[in-house]
Structures are given as structure tokens and as C-alpha cells.
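A short worksheet on the structure shown next.
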Amino acid sequence: MIPKVLKIKTQNKNSMDTPTQRMLKIDKATIGLIGLDIALNKALAEDIPADAAADYLYDAIRGQNYIPTGMTEKYKVALEKEYRKLLGQEQEEDGELTIRIFGTGCITCNGLRDAVIDAMMEANVAADIDMIQDPDEIGRHGIMATPALMINGIVKIAGIHPTPVQLKKWLLDAAE
């Protein structure tokens with residue numbers, strides 16, 4: 328008998344319409360939302376205007392996700408921002424440094440995370456680090472080799488480790 332956990336993993340790998348978790352920054356927190364990818368794809372397919380996308384996306388995900396009381400508007404703002412990113416529309420910069428490390432969670436990927444943290448301390452730069460380990464999410468960002476480092480939406484390096492000097496320079500440039 329196959330354990331239940333293995334069945335679920337197999338189903339997720341083989342089904343394109345199985346809801347997966349996608350990370351989204353809402354206010355100051357990074358939240359995983361189930362079904363957001365499917366909702367975004369449907370909104371794009373239906374050519375929903377960006378200003379109407381927030382309500383559409385919110386209605387699509389609220390049944391599968393816990394949304395705290397009083398947070399509806401913040402979720403809608405974050406959902407519309409994510410949709411606008413997919414449409415390629417200009418975004419207002421919020422001044423925050425965004426660092427994403429893509430990888431499988433192996434020792435090499437964790438080593439990149441540690442190197443980034445060391446460079447942040449040396450450069451006196453603060454930022455949240457998102458570790459992206461989901462193969463689908465890695466592919467959506469066009470990452471072909473891991474570990475990969477993305478700073479403020481730009482892939483800086485993939486497949487190899489940068490030097491500490493490179494890391495510090497990228498962080499200082501992005502923080503300006």
C-alpha cells in the first residue's frame with residue numbers, strides 16, 4: 328500500500344490544474360496562497376482589466392485560503408499588483424529590497440543563502456530572503472540552473488556561486 332503522502336505528491340506532479348502554493352507579499356508579510364496561479368492564468372485568459380482583477384482574484388482564492396478579518400483590502404492590493412506584474416505594466420517601487428534564492432534546498436542552495444546573509448551583514452543592508460524550492464515556481468521565473476539568485480526581480484546568477492565581492496556590490500547597488 329502506497330502511503331497517502333506519496334499519492335498526493337504524484338498527483339501534484341502530473342496535474343497541471345492542481346492548485347499549488349504561490350508566495351505573495353501582502354503588506355510586510357510573505358504569504359503562501361493556494362490556487363493563485365490558476366486564478367492568475369484564468370484572469371489572463373479572460374483578458375480581465377487590471378483594475379477589475381483584484382476582485383476577481385480575491386473571489387477565486389478566498390475559498391482555499393485563510394484571510395484574516397480586516398485584511399481584505401490589503402490582499403486585493405497585493406493581488407492586483409501581482410496581476411499587473413504579469414501584464415508587464417509599470418509598478419511603483421516600494422523601496423524595499425527583494426531577494427529570492429531558487430533551488431532544491433540542497434547544501435549548495437543553502438550555502439548561497441548563507442553567503443547572501445553574510446554579504447548583507449557586511450554591506451549593512453536589510454531585506455527578506457525568499458527561498459523558492461517549488462520546481463514549478465522556479466520554472467515560471469525562467470530559471471534554468473540552480474542555485475539562482477534574484478535581486479529586485481533581476482536574475483543575477485544561476486548555477487554557480489557568486490564571489491562575496493559580487494554579492495556585496497549587487498546588494499549595495501540594489502539598495503540605492
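Each position in the sequence shown, counted from 1, maps to that position plus 327 in the working numbering. For every residue, glycine included, the Cβ atom is placed at its ideal position computed from N, Cα and C.
Using a C-beta cutoff of 9 angstroms, does residue i count as contacting chain B?
| i | result |
| --- | --- |
| methionine 458 | Note that chain B does not occur in the displayed structure, where there is just one protein chain. |
Alpha carbon to alpha carbon, how far is residue j from residue i? Give it in angstroms, no decimals.
| i | j | result |
| --- | --- | --- |
| proline 489 | alanine 366 | 36 angstroms |
| glutamine 391 | glycine 362 | 7 angstroms |
| threonine 396 | alanine 370 | 25 angstroms |
Quick check on DSSP: helix, strand or coil for residue i?
| i | result |
| --- | --- |
| threonine 399 | helix |
| arginine 427 | strand |
| isoleucine 388 | helix |
| threonine 473 | coil |
| isoleucine 365 | helix |
| alanine 485 | strand |
| threonine 490 | coil |
Using 9 angstroms as the threshold, is the C-beta distance between residue i and residue j below it?
| i | j | result |
| --- | --- | --- |
| isoleucine 484 | isoleucine 456 | no |
| threonine 425 | proline 474 | no |
| glutamate 464 | arginine 349 | yes |
| tyrosine 402 | tyrosine 385 | yes |
| aspartate 441 | proline 491 | no |
Assuming residue i and residue j make a contact with CB atoms under 8 angstroms, what is their CB distance in whole Å?
| i | j | result |
| --- | --- | --- |
| alanine 377 | leucine 414 | 6 angstroms |
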